[in-house]
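**Student:** Let me give you the structure first, and then I'll get to my questions.
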Amino acid sequence: MTHPDMKSQSQAEADVIVVGSGAAGFTAAIFASLAGCSVLIVEKANAPGGTTGWSDGAFWLPNNHFQQQKGVRDTREDAIKFMASTAYPTQFCESARYYGVGELRYSLVEAFYDEASKAFKKLEDVGALVTRHADRTDMFDHSPFNKVSRGRILVVKKPDGARGFGEDIMMQISSYLEKHRIPILLGHRVTSLEFNAFGEVTGVRVTTPEGSNRRIVSRKAVVFASGGFVHDAELVLAHQSSPVYGGTAVPSVQGDFVRIAGRIGAKLGNMAHGWRSQIVLEQALREPHSPSHILQPSGVPRHYWQAPGDSCMLVNKNGVRVVNEKRAPPEVSLAHSVWDAVDSEFTNQFLFMIYDRRCAEVFAGNYPLPHPGEHADYVIQAETIEQLAVEIQRRLDSLIPNIPPFMLGVNFAENLAGTILTFDESARSGCDTQFQRGSNIYDIELHREVFSIARKDTSWPTHDLPNITMHPFQSSGPYCCIIIAPSLLDTNGGPVIDAKARVLNNEGNPIPGLYGAGNCIASPGGRAYWGPGATMGLATAFGAIAGQQAASEPIKITSVSADQQSN
Numbered sequence: 000m001t002h003p004d005m006k007s008q009s010q011a012e013a014d015v016i017v018v019g020s021g022a023a024g025f026t027a028a029i030f031a032s033l034a035g036c037s038v039l040i041v042e043k044a045n046a047p048g049g050t051t052g053w054s055d056g057a058f059w060l061p062n063n064h065f066q067q068q069k070g071v072r073d074t075r076e077d078a079i080k081f082m083a084s085t086a087y088p089t090q091f092c093e094s095a096r097y098y099g100v101g102e103l104r105y106s107l108v109e110a111f112y113d114e115a116s117k118a119f120k121k122l123e124d125v126g127a128l129v130t131r132h133a134d135r136t137d138m139f140d141h142s143p144f145n146k147v148s149r150g151r152i153l154v155v156k157k158p159d160g161a162r163g164f165g166e167d168i169m170m171q172i173s174s175y176l177e178k179h180r181i182p183i184l185l186g187h188r189v190t191s192l193e194f195n196a197f198g199e200v201t202g203v204r205v206t207t208p209e210g211s212n213r214r215i216v217s218r219k220a221v222v223f224a225s226g227g228f229v230h231d232a233e234l235v236l237a238h239q240s241s242p243v244y245g246g247t248a249v250p251s252v253q254g255d256f257v258r259i260a261g262r263i264g265a266k267l268g269n270m271a272h273g274w275r276s277q278i279v280l281e282q283a284l285r286e287p288h289s290p291s292h293i294l295q296p297s298g299v300p301r302h303y304w305q306a307p308g309d310s311c312m313l314v315n316k317n318g319v320r321v322v323n324e325k326r327a328p329p330e331v332s333l334a335h336s337v338w339d340a341v342d343s344e345f346t347n348q349f350l351f352m353i354y355d356r357r358c359a360e361v362f363a364g365n366y367p368l369p370h371p372g373e374h375a376d377y378v379i380q381a382e383t384i385e386q387l388a389v390e391i392q393r394r395l396d397s398l399i400p401n402i403p404p405f406m407l408g409v410n411f412a413e414n415l416a417g418t419i420l421t422f423d424e425s426a427r428s429g430c431d432t433q434f435q436r437g438s439n440i441y442d443i444e445l446h447r448e449v450f451s452i453a454r455k456d457t458s459w460p461t462h463d464l465p466n467i468t469m470h471p472f473q474s475s476g477p478y479c480c481i482i483i484a485p486s487l488l489d490t491n492g493g494p495v496i497d498a499k500a501r502v503l504n505n506e507g508n509p510i511p512g513l514y515g516a517g518n519c520i521a522s523p524g525g526r527a528y529w530g531p532g533a534t535m536g537l538a539t540a541f542g543a544i545a546g547q548q549a550a551s552e553p554i555k556i557t558s559v560s561a562d563q564q565s566n
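Right under this line is the structure:
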């Protein structure tokens, strides 16, 4: 293997340039390196890892090597059908060619199935990453097309065998990159692409930490893996049709590739979608000053995954439930997008997490519920439902102009009292007649084992009702509320790629020498989040494809044509 040539402060050179150092980027770099190429990773932030470094350390992979070892048959046809049905639900037709989603989209889902498991096995075999099997159910465990509803999730494994997280991924990967002399340029923001006279990509222009411009030559190809555009307000407003209150990706995720690729005629896709989530509104609006456990390292607020507790529910401005609160936020968050054609508003723009004293104490510390004895200023509290409604409206008014004026319905308190009565009846019977909460394995498993861990140090009786996810509210206060808003883990729209991870132009033809993977491209998963780790599973699979394909490119004439620079 050759190594990058760091010729001067104004120019560097390598066979393959990788932009971004998260899951997609480091996988592309490793696979290009394994193919014998010199590789240089260019990272905008001052530390490697991207949002991967903040992640839960999970990867969603169909037909993974752990399943194969256990004899689990996650067949190609069934898995592709399931993924297509959830990725493109408005186009999916089981009897149609390509299931109705079109040849390109089908080929991307197909490539994910074919390559994901092989990519991870290779990363393990070369010592870049060590994972273990997580016996968790999929989000879509209830889908009739999901024939294998658990076993597709892998998590990074620490040296002691314990389950690791994003920082552990980056420790393992950084060690591999250092050992194999794959350098990373930190603090270098790619601003444009360079082309030769034949229209082939031959490098990038970057801004250095000192503010100077630098040319980096790629003898074979450039792979973008630079993240989405969740932290670019202009792009979010332009492409997200429903409200979004921030994102929980690293702050450097600002849509650089969307703008760069747009200037050279790349086809854009999936721009209205994203990895949807929910967030505590007041944490998204201001510099956080609540307890440190709710913050990411940079001060970016965390999303929350599942409403904690059992006597806890989400209601809208009219005081009524609108969703099964125990489903995953990529699905629950879509409830915020409901449009009222009469009042011309997003009725569910904000949802209100209502819970009682028992829930606050038994499930204290399950985010966003504060730990025992801890104050979180985003919690609204009152002794009665009527007073709680007054306090919620007062809090909403205090947030103007950071949010538009938002009025609770005139019957909010009355409706909320009725909603609680209905909820209590469902809790006692064990059957949620409105939204089937607790009727699926996913609801129960994530509630019991992850996001609603009951404390043992309270005086409250043990839950003994038939539905573990529901419990009647206390007949007297205090009652609490947390205002919840829609957010994004990151966007997943951008330049469209083909099954070889080649970026396509507006005519559908590959742009020579340009590849993409991860959240900076139009996601091969469409609108679907198949389960914990789906983001990084896709990123790693297509990072591997991009790295291999980039390495197979011929050496290019790298002299720059003045007419072929992207400015």
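Numbering-wise (numbering that gives the first Met the number 0), the sequence shown opens with residue 0 and increments by one.
All C-beta atoms, glycine included, are put in the ideal place defined by N, C-alpha and C.
Quick check: what's the CA-CA separation for V147 versus L128?
**Tutor:** Here residue 147 refers to the residue found at position 148 when the sequence shown is read from its first residue. Here residue 128 refers to the residue found at position 129 when the sequence shown is read from its first residue. Rounded to whole angstroms, V147 to L128 spans 25 Å at the Cα level.
**Student:** Excluding the 5 residues flanking I467 on each side, which residues of the same chain have their C-beta closer than 8 Å to its C-beta?
**Tutor:** Translated into the one-based positions of the sequence shown, residue 467 becomes position 468. The answer, listed in chain order, is D309, G437, I443, H446 and R447.
**Student:** Could you check which residue in L513, N347, R262 and G52 has the C-alpha nearest to that of Q277?
**Tutor:** What you label residue 277 is simply residue 278 of the sequence shown in a count that begins at 1. Ranking L513, N347, R262 and G52 by Cα distance to Q277 puts N347 first.
**Student:** Starting from H302, follow its DSSP beta bridges and name the residues at the other end.
**Tutor:** Along the sequence shown, read from residue 1 onward, the residue named residue 302 stands at position 303. According to DSSP, H302 shares a beta bridge with I278.
**Student:** Answer yes or no: do G56 and G150 have a C-beta to C-beta separation smaller than 8 Å?
**Tutor:** Locating residue 56 in the sequence shown gives position 57, where the first residue counts as 1. Locating residue 150 in the sequence shown gives position 151, where the first residue counts as 1. No; because the gap between Cβ atoms is not below 8 Å, this pair is not in contact.
**Student:** In terms of alpha-carbon separation, which member of A453, G268, A527 and T136 lies closest to V331?
**Tutor:** Indexing the sequence shown from 1 puts residue 331 at position 332. Checking every option, the nearest Cα to that of V331 belongs to A527.
**Student:** Do you know offhand how far L236's Cα is from V243's?
**Tutor:** Taking the sequence shown and counting its residues from 1, one reaches residue 236 at position 237. Taking the sequence shown and counting its residues from 1, one reaches residue 243 at position 244. C-alpha of L236 to C-alpha of V243: approximately 8 Å in a straight line.
**Student:** Helix, strand or coil, according to DSSP, for P290 in the structure here?
**Tutor:** The sequence position of residue 290 within the sequence shown is 291, counting from 1. For P290, the predicted model reports a pLDDT of 30, less than 50, meaning its position is unreliable and no value from the coordinates is stated.
**Student:** Using 10 angstroms around the beta-carbon of Q68, count the other beta-carbons present and answer buried if the total reaches 16, otherwise exposed.
**Tutor:** What you label residue 68 is simply residue 69 of the sequence shown in a count that begins at 1. Exposed, by the Cβ-count rule.
**Student:** Give every residue of the same chain whose Cβ lies closer than 6 Å to the Cβ of F411, excluding the five residues on either side of it in the sequence, and list them in chain order.
**Tutor:** Your numbering for residue 411 matches position 412 in the sequence shown. Counting only Cβ-Cβ distances below 6 Å, and skipping sequence neighbours, we find G318 and A388.
**Student:** Tell me which residues share the same chain as S551 and place their Cβ nearer than 8 Å to its Cβ, disregarding the 5 neighbours each side in the sequence.
**Tutor:** Locating residue 551 in the sequence shown gives position 552, counting from the first residue. Cβ neighbours of S551 beyond the five flanking positions: A34.
**Student:** Kindly indicate which three-state DSSP category F472 falls into: helix, strand or coil?
**Tutor:** Working through the sequence shown from its first residue, we reach residue 472 at position 473. Coil.
**Student:** Throw me the rounded Cβ distance for the N518 and G202 pair, which I believe falls under 8 Å.
**Tutor:** If you number the sequence shown from 1, residue 518 lands on position 519. If you number the sequence shown from 1, residue 202 lands on position 203. With a Cβ gap of about 23 Å, N518 and G202 do not count as contacting.
**Student:** Near V279, which residues of its chain fall below 8 Å by C-beta distance, leaving aside the five closest residues on each side in sequence?
**Tutor:** Taking the sequence shown and counting its residues from 1, the one referred to as residue 279 is at position 280. So the qualifying residues of the chain are I293, P300, Y303, P367, Y377, I481, I482, I483 and A484.
**Student:** Look up T190 in the DSSP assignment and say whether it is helix, strand or coil.
**Tutor:** As a position in the sequence shown, residue 190 is number 191, starting the count at 1. T190: strand per DSSP, three-state reduction.
**Student:** Could you tell me the distance, in whole angstroms, from the CA atom of D489 to the CA atom of G19?
**Tutor:** Counted from its first residue, the sequence shown places residue 489 at position 490. Counted from its first residue, the sequence shown places residue 19 at position 20. So the alpha carbons of these two residues sit roughly 15 Å apart.
**Student:** Suppose contacts are defined by Cβ-Cβ distances below 8 Å. Is I391 in contact with L407 by that definition?
**Tutor:** Translated into positions along the sequence shown, residue 391 becomes position 392. Translated into positions along the sequence shown, residue 407 becomes position 408. Taking 8 Å as the Cβ cut-off, I391 and L407 qualify as a contacting pair.
**Student:** Among A265, G245, E373 and P477, whose alpha-carbon lies nearest the alpha-carbon of Q380?
**Tutor:** Counted from its first residue, the sequence shown places residue 380 at position 381. Answer by Cα proximity: P477.
**Student:** If I measure Cβ to Cβ from I181 and keep anything under 7 Å in the same chain, skipping five residues before and after, which residues do I get?
**Tutor:** Within the sequence shown, residue 181 is the residue found at index 182, counting from 1. For I181, where only same-chain residues beyond five positions count, the Cβ hits under 7 Å are A28, S32, V38 and I40.
**Student:** Please classify N410: does DSSP put it in a helix, a strand, or coil?
**Tutor:** Residue numbering aside, residue 410 sits at position 411 when the sequence shown is read from its first letter. Three-state result, N410: coil.
**Student:** Relative to the alpha-carbon of T74, which residue among R104, L103 and E109 has its alpha-carbon at the smallest distance?
**Tutor:** Mapped onto the sequence shown, residue 74 falls at position 75. Nearest C-alpha to T74: E109.
**Student:** If you run the structure through DSSP and keep just helix, strand and coil, what is C92?
**Tutor:** Indexing the sequence shown from 1 puts residue 92 at position 93. In this structure, DSSP gives C92 a state outside helix and strand, which the three-state scheme calls coil.
**Student:** Would you kindly work out how many angstroms separate the C-alpha atoms of V229 and P460, rounded to a whole number?
**Tutor:** For the purposes of this step, residue 229 is taken as the residue at position 230 of the sequence shown. For the purposes of this step, residue 460 is taken as the residue at position 461 of the sequence shown. If I take the Cα positions, the gap works out to 44 Å.
**Student:** For D255, name the three-state secondary structure that DSSP assigns.
**Tutor:** As a position in the sequence shown, residue 255 is number 256, starting the count at 1. Helix at D255.
**Student:** Starting from the Cα of R72, find the closest Cα among G245, S54 and N145 and give me that residue.
**Tutor:** Residue 72 sits at position 73 when you count from the first residue of the sequence shown. If we check each option's Cα against that of R72, N145 comes out closest.
**Student:** Could you pull the DSSP bridge partners for M352 from this structure?
**Tutor:** Working through the sequence shown from its first residue, we reach residue 352 at position 353. Paired residue(s): L313 and I481.
**Student:** Does the Cβ-Cβ distance between A500 and A538 come in under 8 Å?
**Tutor:** Translated into the one-based positions of the sequence shown, residue 500 becomes position 501. Translated into the one-based positions of the sequence shown, residue 538 becomes position 539. Their beta carbons are not under 8 Å apart, which means A500 does not touch A538 by this criterion.
**Student:** Among all the DSSP beta bridges, which residues are the ones paired with I40?
**Tutor:** On the sequence shown, position 41 is the one that residue 40 refers to. BP columns for I40 point to V17 and I183.
**Student:** Among Q239, F345 and Q435, whose alpha-carbon lies nearest the alpha-carbon of A334?
**Tutor:** As a working mapping, residue 334 is identified with position 335 in the sequence shown. Of the listed residues, the one whose Cα sits closest to A334 is F345.
**Student:** Put P47 into one of helix, strand or coil per three-state DSSP.
**Tutor:** Taking the sequence shown and counting its residues from 1, the one referred to as residue 47 is at position 48. In this structure, P47 counts as coil in the three-state DSSP scheme.
**Student:** Output needed for D497: all residues of its chain with C-beta closer than 8 Å, excluding positions within five of it in sequence on either side, in chain order.
**Tutor:** Against the sequence shown, residue 497 aligns to sequence position 498. L103, S106, L107, L503 and P509, listed in sequence order.
**Student:** Give the C-beta separation of R326 and Q433 to the nearest angstrom, bearing in mind that I take them to be a contact with Cβ-Cβ under 8 Å.
**Tutor:** As a working note, residue 326 is residue 327 in the sequence shown. As a working note, residue 433 is residue 434 in the sequence shown. About 13 Å separates the beta carbon of R326 from that of Q433, a gap too long to meet the 8 Å contact definition.
**Student:** Can you look up H374 in the DSSP assignment and give me helix, strand or coil?
**Tutor:** Here the question's residue 374 lines up with position 375 in the sequence shown. DSSP places H374 in coil when its eight states are reduced to three.
**Student:** Within 10 Å of its beta-carbon, does H288 have 16 or more other beta-carbons around it, so buried, or fewer, so exposed?
**Tutor:** Translated into positions along the sequence shown, residue 288 becomes position 289. For H288, the predicted model reports a pLDDT of 30, less than 50, meaning its position is unreliable and no value from the coordinates is stated.
**Student:** Which full runs of the beta strand (DSSP E) of 3+ residues lie inside the stretch 113-157, going along the chain?
**Tutor:** 130-133 and 152-155
**Student:** Label L505 either buried or exposed according to how many other C-beta atoms from any shown protein chain fall within 10 Å of its C-beta, with 16 as the threshold for buried.
**Tutor:** For this step, residue 505 is matched to residue 506 along the sequence shown. The identity of residue 505 in the sequence shown is Asn, whereas the question assumes Leu. Classification of N505: exposed, given that the 10 Å Cβ count is below 16.
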